[in-house]
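Have a look at the structure below, then the notes.
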Amino acid sequence: DAGVIQSPRHEVTEMGQEVTLRCKPISGHNSLFWYRQTMMRGLELLIYFNNNVPIDDSGMPEDRFSAKMPNASFSTLKIQPSEPRDSAVYFCASSLKTGGNQPQHFGDGTRLSIL
Amino acid sequence: SQKIEQNSEALNIQEGKTATLTCNYTNYSPAYLQWYRQDPGRGPVFLLLIRENEKEKRKERLKVTFDTTLKQSLFHITASQPADSATYLCALDMAGANNLFFGTGTRLTVIP
Numbered sequence: 001d002a003g004v005i006q007s008p009r010h011e012v013t014e015m016g017q018e019v020t021l022r023c024k025p026i027s028g029h030n031s032l033f034w035y036r037q038t039m040m041r042g043l044e045l046l047i048y049f050n051n052n053v054p055i056d057d058s059g060m061p062e063d064r065f066s067a068k069m070p071n072a073s074f075s076t077l078k079i080q081p082s083e084p085r086d087s088a089v090y091f092c093a094s095s096l097k098t099g100g101n102q103p104q105h106f107g108d109g110t111r112l113s114i115l
Numbered sequence: 116s117q118k119i120e121q122n123s124e125a126l127n128i129q130e131g132k133t134a135t136l137t138c139n140y141t142n143y144s145p146a147y148l149q150w151y152r153q154d155p156g157r158g159p160v161f162l163l164l165i166r167e168n169e170k171e172k173r174k175e176r177l178k179v180t181f182d183t184t185l186k187q188s189l190f191h192i193t194a195s196q197p198a199d200s201a202t203y204l205c206a207l208d209m210a211g212a213n214n215l216f217f218g219t220g221t222r223l224t225v226i227p
């Protein structure tokens with residue numbers, strides 16, 4: 001079975017440009033999570049969806065970040081305008097449902113560099 | 116403030132020995148605690164989950180303990196192998212929240 005698929009794997013762009021990260025969760029999984037990982041702060045939750053509905057976006061750094069899940073098989077994380085401090089690895093994860101007893105399945109991430 | 120601390124950034128161990136990694140938390144009351152493995156350039160991979168009322172959980176060479184009094188989980192890899200070299204992350208939930216909070220991880224190196 002295919003795991004969580006993220007694209008692109010790498011993105012290098014200049015400050016001020018719009019960046020769109022994409023995620024396809026595992027089929028049948030109802031919960032989707034976006035994380036950001038840096039050396040300084042580790043793995044931080046940005047936002048999560050349950051049944052395509054955003055549940056908690058308190059981790060989204062600021063209004064420059066937005067996330068959508070138009071259907072059960074696709075989600076995007078957009079940064080507009082991008083800044084150098086947004087450079088990080090962004091992960092998408094999915095689980096069957098929400099809850100602390102649910103293992104999360106991660107994609108291999110998008111390594112984002114903002115120059 | 117809430118914290119999840121993993122014992123050290125890096126741990127080196129000789130092949131065949133038991134590796135013990137620590138996860139301590141402050142100001143959380145988790146019902147569940149999970150452990151993940153992360154290889155360079157890859158996403159975390161789920162290994163084990165333990166509930167607050169379980170003292171110990173085993174899976175092959177892996178063992179996890181969970182002490183809610185000490186607010187600590189220990190993760191053991193017995194008969195360690197170079198292939199076990201990776202970063203290991205603990206994650207826990209919080210009452211009323213449906214998401215996980217991750218520690219910063221411990222990078223384990225098993226030396227042949």
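Top to bottom, those sequences are chains A and B. This note's numbering numbers the first residue of the first sequence as 1 and each following residue consecutively. This note's numbering numbers the first residue of the second sequence as 116 and each following residue consecutively. In this text, a Cβ means the ideal position worked out from N, Cα and C, and glycines have one as well.
Asked, Found
"Using a Cβ-Cβ distance cut-off of 8 angstroms, determine whether A:F106 contacts chain D.", "In the structure shown, chain D cannot be found, because the protein chains are A and B."
"Nearest to A:N52 by CA position, among A:V4, A:P70, A:G109 and A:H10, is which residue?", "A:P70"
"For B:P197, name the three-state secondary structure that DSSP assigns.", "helix"
"Can you list, in chain order, the residues of its chain with a C-beta nearer than 6 angstroms to that of A:S75? Leave out the 5 residues immediately preceding and following it.", "C23, L32 and M69"
"Let me confirm a value: B:L185 is counted as buried when at least 16 other C-beta atoms fall within 10 Å, else exposed. Which label applies?", "exposed"
"Starting from the beta carbon of B:D199, find every residue of chain A whose beta carbon is closer than 9 angstroms, and list them in chain order.", "Result: empty, since nearest Cβ-Cβ is about 19 angstroms, beyond 9 angstroms."
"Does the beta-carbon of B:R173 have 16 or more other beta-carbons within 10 angstroms, so that it is buried, or is it exposed?", "exposed"
"Over the uninterrupted beta strand (DSSP E) stretch that includes B:K178, give me the two end residues.", "L177 to D182"
"Can at least three beta-carbon pairs, one atom from the segment 191-207 of chain B and one from the segment 25-41 of chain A, be found at a separation below 8 angstroms?", "no"
"Do the segment 11-22 of chain A and the segment 81-92 of chain A meet, that is, are 3 or more Cβ pairs less than 8 angstroms apart?", "yes"
"If you reduce the DSSP assignment to three classes, tell me which class B:D154 lands in.", "coil"
"Show which residues of chain B have a CB atom less than 7 angstroms away from the CB atom of A:D99.", "One detail in the question is off: residue 99 of chain A reads as Gly in this sequence, not Asp. N213, listed in chain order."
"Compare the beta carbon distance of A:G59 and A:L77 with 8 angstroms and say whether it is the shorter of the two.", "no"
"In whole angstroms, give me the CA-to-CA distance for A:G28 and A:C92.", "15 angstroms"
"Assuming B:T224 and B:A125 are in contact, meaning their beta carbons sit under 8 angstroms apart, how far apart are those beta carbons, in whole angstroms?", "7 angstroms"
"Please identify, using Cβ separations under 7 angstroms, the residues of the segment 161-180 of chain B that lie next to chain A, in order along the chain.", "F161 and L164"
"Which one or two residues does DSSP pair with B:N139 in a beta bridge?", "B:E120 and B:Q187"
"My understanding is that A:G3 touches A:G107, with C-beta atoms under 8 angstroms, so please give their C-beta distance in whole angstroms.", "7 angstroms"
"Specify, as a first and last residue, the run of the beta strand (DSSP E) that B:A212 falls within.", "First-last for B:A212: undefined, no H or E at that position."
"What does B:A146 reach in chain A if we use C-beta pairs closer than 8 angstroms?", "G100 and N101"
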